[in-house]
Structure formats: C-alpha cells, structure tokens
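Position one of the sequence shown corresponds to residue 213 (the working numbering), numbered consecutively onward. From the three backbone atoms N, C-alpha and C, an ideal C-beta is built for every residue, glycine too. Only a predicted model underlies this, so the values are computations on that prediction, with no experimental measurement involved.
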Amino acid sequence: MRKYGFFVFLLSFLSPLLAIARSGTVQWQHTFSDPAELGWAVAVSDQVYVGSLSGALYAIQAQSGLPAWGFNATDSLIFPATISEGSIYFTSRDGHLYALDSSTGNKLWSFEVEAWASSPVVNGSVVYVGSLDFSLYAVNASTGLKLWSFPTQRALFSSPAIYKNIVYITSMDQTLYAIDAGSHESLWSVNLEGFGSSPVVARDSVYVGLQEGEVFAFNATNGKLLWEFSADVSFQIPVLEKDRVLVFGSNDTLFALDDLSGEEKWQLNTSSYFLLAPSVFNSTLYLPVPSALVAFDLETKEELWTCRLQGTVSTAPVIRDGLIYVVYDFTLYAIKSDSL
C-alpha cells in the first residue's frame with residue numbers, strides 16, 4: 213500500500229497537467245466576494261447552498277456554478293443547513309431558525325431562541341434542533357411554531373438523529389438522550405463520561421464518538437451498551453458505510469470498525485486531520501487536505517486520485533448527482549470523477 217505521506221511528496225513535484233490527468237477534474241468554480249469565511253455547503257439536484265460567517269446564504273446553480281439567489285441572515289451561519297420538501301432550514305448564531313423556499317430564497321418563517329448550537333434535522337413535518345439554552349426544540353416545519361422542548365443540563369452542540377420515532381442527541385452534560393418524538397418524554401439516557409459527537413443511528417444501533425478517545429454503540433431501543441472501542445485519540449462523528457463504522461482520529465488516522473462487534477478492521481493514515489466527518493460514497497473516501505482533494509478506495513486503502521485546488525479547505529465535500537462540491541477559502545468547486 214502506498215503511504216499518503218509519500219503520495220504528497222510525489223505530488224509536490226508533479227506538473228499541473230500530469231496532476232489533472234490523474235485526478236478528478238474541476239467542472240466549474242465560483243469565487244465569492246464575501247470577505248467572511250465560508251463555513252458549510254449542502255446540495256440538492258439543482259442547487260448548492262453555501263453559508264457564511266457574515267450571515268449570507270448563497271444558492272448556486274449546480275450544473276453551471278452561476279448564482280441563483282442570496283439571503284442575508286442577522287448573524288453568522290455556523291452550522292450546515294438541512295433541505296427537505298422544497299425548503300431549506302438553517303440557524304444563525306444569534307438564535308434564529310430560518311425556513312426559506314429552497315428554489316427562490318423567499319423567507320417562509322423564523323423562530324427565535326437564546327442561541328442555536330447545532331444543525332437542524334427534519335423528520336416529516338417537524339424540525340429538531342439543539343440550543344445553547346440547554347434544550348432540544350421541536351418546531352413545526354410548515355409554520356415555525358414551537359411544538360415542544362426537552363431540557364438537558366448543558367448546551368446541545370450536536371445535531372439530533374431520528375430513528376423509528378425516537379430522537380437521539382448528546383449534550384455537553386456528557387449524556388446521550390433518547391426521546392420519544394410523540395410524547396417528548398425521555399425513553400432512556402446514558403452517561404458517556406465524555407463529550408459525545410452527534411449520534412448516528414442505523415440497524416437498531418446508536419453510534420457516538422468521544423473527544424476522550426472512545427467510540428460507543430448502544431442498542432437504539434433500550435440504551436444497552438453493545439460495544440466500545442478505545443484509542444489514544446479524539447474521535448469525530450462516525451460515518452456508516454456498508455458493515456463498517458468509520459471514524460477519524462486526531463492522529464490523522466481513519467479507523468474502520470465492525471458495526472456489530474466494534475472490532476477494528478483496519479486503519480488508514482491520511483497524514484491530514486480533518487475536523488468534520490469524512491465524505492463517503494460507493495466505498496470511496498473523499499478527503500480535503502491543504503490545496504487538494506484526495507480520493508481513497510476503502511476496499512484497497514489506496515489513493516484513487518487527487519485534484520489540485522487552491523487554498524485551505526472550509527467545508528466537508530458534498531456529493532450529489534455525479535459531482536463533488538467543496539469550498540476552499542472563498543471558492544466553491546464542482547469536481548467530476550470517474551469514481552462516482
């Protein structure tokens with residue numbers, strides 16, 4: 213297996229033409245005039261949305277890279293938006309939850325609390341989002357009216373996950389909560405003894421990574437611990453891919469764990485620690501590193517290609533309809549690859 217460090221060494225001496233021939237290729241790029249940092253990107257079939265710390269939300273045409281519309285919120289847009297049923301939902305730092313028409317950018321409603329601390333998640337007709345006021349909120353997706361709130365002991369920086377009408381969320385009180393979405397009563401809670409990532413739920417299991425170096429799997433129904441994996445690193449949000457749980461560690465290593473047992477399957481040293489969850493599609497990992505986007509085959513652990521870009525990565529790659537969207541500094545790139 214080629215080592216990533218050696219790959220980067222070779223890459224620095226390759227000509228731009230050779231690099232392009234061996235890599236994904238840029239379909240288009242759009243540079244923003246916004247002087248503030250661009251913090252996230254999400255995509256649907258026809259548009260890509262980019263949020264800025266200036267409070268601006270940009271909609272870009274997915275196939276051409278041309279502007280579609282813009283919207284100015286009242287404060288920084290830190291947490292990624294969610295798109296559902298023709299609406300885009302996002303929060304601003306000053307406590308507004310917005311709903312816009314995703315095609316036109318017209319404001320549908322806003323709901324205000326003290327301060328939001330996570331990305332909203334939509335399930336059916338309800339928007340769920342965590343707040344700095346220690347509460348999880350459920351808001352009507354059509355009207356913006358509060359349905360209920362659930363109190364915890366500390367701020368909620370994680371995004372909720374919904375599975376079989378149960379809402380799962382971690383709090384800075386070091387607890388994982390399971391809340392009945394209908395009665396909004398606690399079904400169970402588990403003390404994590406550490407600060408947990410946003411939970412990921414699948415196949416009747418809840419997966420959480422901890423800054424303190426553990427990954428936990430719990431039974432989604434009763435909260436029983438299924439397995440625990442420990443390493444001397446901080447872990448980010450788990451990603452489920454086939455029968456594997458993928459987690460990035462602070463030692464620049466991607467760990468692949470068996471989803472049923474927690475047994476380590478393999479490690480991949482990427483030589484670049486990425487603070488957000490990795491982007492995975494069709495057994496391919498897309499990893500943004502300084503001045504390049506690298507694709508790894510998760511079956512062979514080999515690099516598939518690299519695409520040279522300019523600047524420092526600002527967002528996790530977003531994969532939609534055969535294109536990879538990623539922001540470096542003030543530029544949104546759309547990248548085409550044979551691996552998609």
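Nearest-angstrom Cα separation, counted from residue j out to residue i
{"i": "Ala432", "j": "Val457", "result": "16 Å"}
{"i": "Ala311", "j": "Ser296", "result": "10 Å"}
{"i": "Asp246", "j": "Ala268", "result": "8 Å"}
{"i": "Ser192", "j": "Arg366", "result": "Since the first and last residues shown for the chain are 213 and 552, residue 192 lies out of range."}
{"i": "Asp550", "j": "Val539", "result": "20 Å"}
{"i": "Ser401", "j": "Gly435", "result": "7 Å"}
{"i": "Lys358", "j": "Asp509", "result": "44 Å"}
{"i": "Glu440", "j": "Trp240", "result": "43 Å"}
{"i": "Leu516", "j": "Val506", "result": "8 Å"}
{"i": "Tyr216", "j": "Trp478", "result": "Note on Tyr216: pLDDT 38, under 50, position unreliable in the model; the coordinate value appears next. Cα-Cα distance, rounded: 15 Å."}
{"i": "Asn481", "j": "Phe407", "result": "24 Å"}
{"i": "Pro529", "j": "Leu437", "result": "32 Å"}
{"i": "Arg234", "j": "Leu521", "result": "For Arg234, the predicted structure reports a pLDDT of 45, less than 50, and the residue's modelled location is therefore unreliable. A value from the coordinates is still provided. Cα to Cα, the separation comes out at about 14 Å."}
{"i": "Ser370", "j": "Gly236", "result": "32 Å"}
{"i": "Ala546", "j": "His242", "result": "9 Å"}
{"i": "Ala280", "j": "Ala353", "result": "24 Å"}
{"i": "Phe283", "j": "Leu452", "result": "33 Å"}
{"i": "Tyr537", "j": "Leu544", "result": "7 Å"}
{"i": "Leu535", "j": "Ile374", "result": "27 Å"}
{"i": "Ser473", "j": "Tyr419", "result": "12 Å"}
{"i": "Val339", "j": "Val351", "result": "5 Å"}
According to DSSP, residues forming a beta bridge with residue i
{"i": "Ile300", "result": "Ile295, Leu312"}
{"i": "Glu249", "result": "Partner(s): none; Glu249 has no beta bridge."}
{"i": "Val538", "result": "Tyr545"}
{"i": "Gly342", "result": "Leu348"}
{"i": "Gly336", "result": "In DSSP, Gly336 forms no bridge with anything."}
{"i": "Arg305", "result": "DSSP output for Arg305 lists no bridge partner at all."}
{"i": "Ser371", "result": "Its beta-bridge partners do not exist; DSSP assigns none."}
{"i": "Thr201", "result": "Since the first residue shown for the chain is 213 and the last is 552, residue 201 is missing from the structure and cannot be characterised."}
{"i": "Arg366", "result": "Note: Arg366 sits in no beta bridge, so no partner."}
{"i": "Val254", "result": "Tyr261"}
{"i": "Pro279", "result": "Ile272"}
{"i": "Gln241", "result": "Tyr545"}
Best match in the options for proximity to residue i [C-alpha to C-alpha]
{"i": "Gly356", "options": "Ile378, Pro363, Pro332", "result": "Pro332"}
{"i": "Leu466", "options": "Asp455, Leu497, Glu440, Ala350", "result": "Leu497"}
{"i": "Ile290", "options": "Val262, Trp281, Phe283", "result": "Val262"}
{"i": "Arg495", "options": "Lys513, Trp478, Leu404", "result": "It is Ser, not Arg, that sits at residue 495 in the sequence shown. With distances taken between Cα atoms, Ser495 lies closest to Lys513."}
{"i": "Ile531", "options": "His242, Phe244, Thr243, Gln259", "result": "Gln259"}
{"i": "Lys548", "options": "Val341, Thr316, Ser276", "result": "Ser276"}
{"i": "Lys319", "options": "Ile300, Asn335, Val459, Gly421", "result": "Ile300"}
{"i": "Val334", "options": "Ala393, Ile536, Glu426", "result": "Ala393"}
{"i": "Asp161", "options": "Ala253, Leu472, Ser257", "result": "Coverage of the chain is limited to positions 213 through 552, which leaves residue 161 absent and any answer about it impossible."}
{"i": "Glu405", "options": "Met384, Ala329, Trp360", "result": "Met384"}
{"i": "Asp306", "options": "Ala329, Pro529, Thr387", "result": "Ala329"}
{"i": "Asp541", "options": "Pro529, Lys376, Thr524", "result": "Thr524"}
{"i": "Asp511", "options": "Asp313, Tyr545, Lys454", "result": "The question names Asp, yet the displayed sequence has Glu at residue 511. The shortest Cα separation from Glu511 among Asp313, Tyr545, Lys454 belongs to Lys454."}
{"i": "Gln423", "options": "Val459, Cys519, Phe283, Ala274", "result": "Val459"}
{"i": "Ser417", "options": "Ala546, Lys376, Gly298", "result": "Lys376"}
{"i": "Ala429", "options": "Glu475, Leu552, Leu348, Ser395", "result": "Glu475"}
{"i": "Leu469", "options": "Ser322, Glu426, Leu499", "result": "Glu426"}
{"i": "Ser491", "options": "Asp313, Val351, Ala350, Pro450", "result": "Pro450"}
Residue j beta carbon less than 8 Å from that of residue i
{"i": "Gly251", "j": "Ser526", "result": "yes"}
{"i": "Asp287", "j": "Ser304", "result": "yes"}
{"i": "Ala443", "j": "Gly421", "result": "no"}
{"i": "Val254", "j": "Ala293", "result": "yes"}
{"i": "Phe346", "j": "Pro363", "result": "yes"}
{"i": "Ser409", "j": "Gln448", "result": "yes"}
{"i": "Thr382", "j": "Pro411", "result": "yes"}
{"i": "Leu248", "j": "Gly317", "result": "Inspection of the sequence shows that residue 248 is occupied by Ala rather than by Leu. For Ala248 and Gly317, no; Cβs fall outside 8 Å."}
{"i": "Tyr380", "j": "Val341", "result": "no"}
{"i": "Ala285", "j": "His308", "result": "yes"}
{"i": "Gly298", "j": "Ser315", "result": "yes"}
Unbroken stretches of the alpha helix (DSSP H), 4 residues or longer, contained in the region 462-527: None, since the region 462-527 contains no complete alpha helix (DSSP H) of that length.
Runs of beta strand (DSSP E) wholly within the region 399-456 (minimum 3 residues, chain order): As for any beta strand (DSSP E) of minimum length 3 sitting wholly inside the region 399-456, the runs are 412-414, 417-421, 426-431, 437-442, 451-453, ordered along the chain.
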